[in-house]
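Chains as they are written, first to last, in this note's numbering: chain A, 192 to 323; chain S, 192 to 323.
Number of protein chains: 2
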Amino acid sequence: MRPEAPEGTRRTAQKRAIRGALEEAGEFVSAQQLHQRLDEAGVRVGLATVYRQLAGLAAAGLADTISVASGQLYRACESAEHHHHLVCETCGKAVEIDPPETWIRTAARKHGYTVTGHILEVFGRCPECAAA
Amino acid sequence: MRPEAPEGTRRTAQKRAIRGALEEAGEFVSAQQLHQRLDEAGVRVGLATVYRQLAGLAAAGLADTISVASGQLYRACESAEHHHHLVCETCGKAVEIDPPETWIRTAARKHGYTVTGHILEVFGRCPECAAA
DNA sequence: ATGCGTGCAAACGATTTGCAGAGAA
DNA sequence: TTCTCTGCAAATCGTTTGCACGCAT
């Protein structure tokens with residue numbers, strides 16, 4: 192027997208709502224924040240369902256996820272991979288930068304690791320602050 | 192009333208033990224792992240104390256901290272230099288990897304930024320855990 | 001009709017906090 | 001002595017899970 196995992200097949204209003212809300216959010220949001228937004232939008236879904244769907248989307252590669260001290264955050268993964276920022280230590284301004292995906296994958300493969308995530312923060316000084 | 196925060200001043204065996212264990216660990220460890228290691232080493236300290244000290248070290252900039260799905264991890268912040276790891280999220284094993292210095296500098300220059308520092312950690316699953 | 005997906009609430013595990021006692025200053 | 005730090009246990013908080021029912025198929 193091969194249970195095979197056809198998993199999420201049924202179309203339900205909740206699934207659409209959750210996925211829609213996640214995409215609409217655009218940025219990283221927690222399961223609870225998403226649940227709250229849905230609630231405010233008049234969509235009544237169980238918090239557990241939000242967690243389950245979010246976990247499913249992440250597992251299916253449809254959502255990116257990162258961990259912060261307060262919990263786990265999710266973001267629709269339709270667009271590019273998750274990005275990082277180059278933060279100015281003086282004025283706080285940050286610009287988006289692309290992660291060295293290739294480099295990361297290469298380094299991981301060299302050690303036989305499967306990459307599941309990474310954190311990257313670069314600090315420095317922006318042009319304006321450097322000039323001042 | 193101004194409680195003012197004179198903060199940690201007293202020297203206690205626990206503080207030394209915790210900080211020592213953290214430095215000895217070298218890599219990222221959770222409060223619980225650290226507590227367990229101390230216990231195995233015969234050092235009896237309360238778990239709450241470990242959490243409090245770790246939080247204090249992080250706040251004081253003496254420790255780096257990152258968040259993963261299973262919780263928060265700490266690492267002595269002495270080195271902080273060109274020394275990054277590829278961490279297995281399952282067994283915690285980590286291998287050292289070289290940072291994409293060139294990439295970082297290039298990305299920063301593209302935006303006119305002057306780099307002063309960076310943090311990079313890659314998470315994944317090691318060969319053994321991936322096989323299991 | 002046949003389950004998968006959901007909602008609710010209890011269960012969980014990590015981290016925090018209240019309080020009284022121990023030890024550093 | 002004084003007051004910070006520690007220990008223990010209860011309290012939080014985010015997240016997961018057991019169950020029974022409703023709805024998509």
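Every residue gets a Cβ at the ideal spot worked out from N, C-alpha and C, and that includes glycine.
Note that the structure is predicted; figures quoted are calculated from it, not measured.
- Rounded to whole angstroms, E319 (chain S) and R210 (chain A) show a C-alpha spacing of 34 Å.
- By the Cβ-count criterion, T256 (chain A) is buried, with 16 or more other Cβ atoms from all chains shown falling within 10 Å of its own Cβ.
- Cβ-Cβ distances below 6 Å link T240 (chain S) to Q205 in the same chain, with the five nearest sequence neighbours on each side left out; the list follows chain order.
- Per the Cβ contact rule, the segment 215-232 of chain S is not in contact with the segment 225-245 of chain A (fewer than 3 Cβ pairs under 8 Å).
- For S221 (chain A), no chain S residue has a Cβ inside 7 Å of its Cβ, as the nearest lies near 12 Å away.
- Judged by DSSP in its simplified three-state form, R316 (chain S) adopts strand.
- Only residues of its own chain outside the window of five on either side were considered, and among them L277 have a CB closer than 6 Å to the CB of V286 (chain S), listed in chain order.
- Annotation: V241 (chain S) has no Cβ neighbours in chain A at a cutoff of 7 Å; minimum Cβ distance is about 16 Å.
- Using a CB distance cut-off of 9 Å, H302 (chain A) counts as an interface residue toward chain S.
- DSSP, read as helix, strand or coil, puts T297 (chain S) in helix.
- The criterion of a C-beta distance shorter than 9 Å is not satisfied by L213 (chain A) and L238 (chain A).
- A straight line joining the alpha-carbon of V236 (chain S) with that of R202 (chain S) spans about 15 Å.
- Distance from the CA of R266 (chain S) to the CA of E215 (chain S), rounded to the nearest whole angstrom, comes to 10 Å.
- For the segment 199-285 of chain S, the full-length alpha helix (DSSP H) segments reaching 4 residues or more read 204-216, 222-231 and 238-250 along the chain.
- For V234 (chain S), there are no C-beta contacts with chain A under 8 Å, since the nearest C-beta of that chain is about 26 Å from it.
- When the alpha-carbon of L248 (chain S) is set against those of S:A232, S:E231, S:A208 and S:V259, the nearest one is in S:A208.
- Spanning the alpha carbons of T200 (chain S) and C268 (chain A) requires a straight line of approximately 47 Å.
- With contacts defined as CB atoms closer than 9 Å, V313 (chain S) and V306 (chain A) qualify as a contacting pair.
- Ranking S:A299, S:G303, S:P290 and S:Y242 by CA distance to the CA of D289 (chain A) puts S:A299 first.
- In terms of beta-carbon proximity, Q227 (chain A) stays away from the interface with chain S, with every pair separated by 9 Å or more.
- In terms of CA proximity to Y242 (chain S), S:G262 leads the group S:C317, S:G262 and S:G217.
- At a cut-off of 9 Å between beta-carbon atoms, D289 (chain S) makes contact with chain A.
- Close CB contacts of V234 (chain S) within its chain, under the 7 Å cut and outside five residues either way in sequence, are with A208 (chain order).
- By the beta-carbon neighbour count (other beta carbons within 10 angstroms, threshold 16), G315 (chain S) is buried.
- When Cβ-Cβ separations below 9 Å define contact, Q224 (chain A) makes no contact with chain S.
- Below the 7 Å Cβ cutoff, chain A contributes A298, A299, H302 and Y304 as neighbours of L277 (chain S), in chain order.
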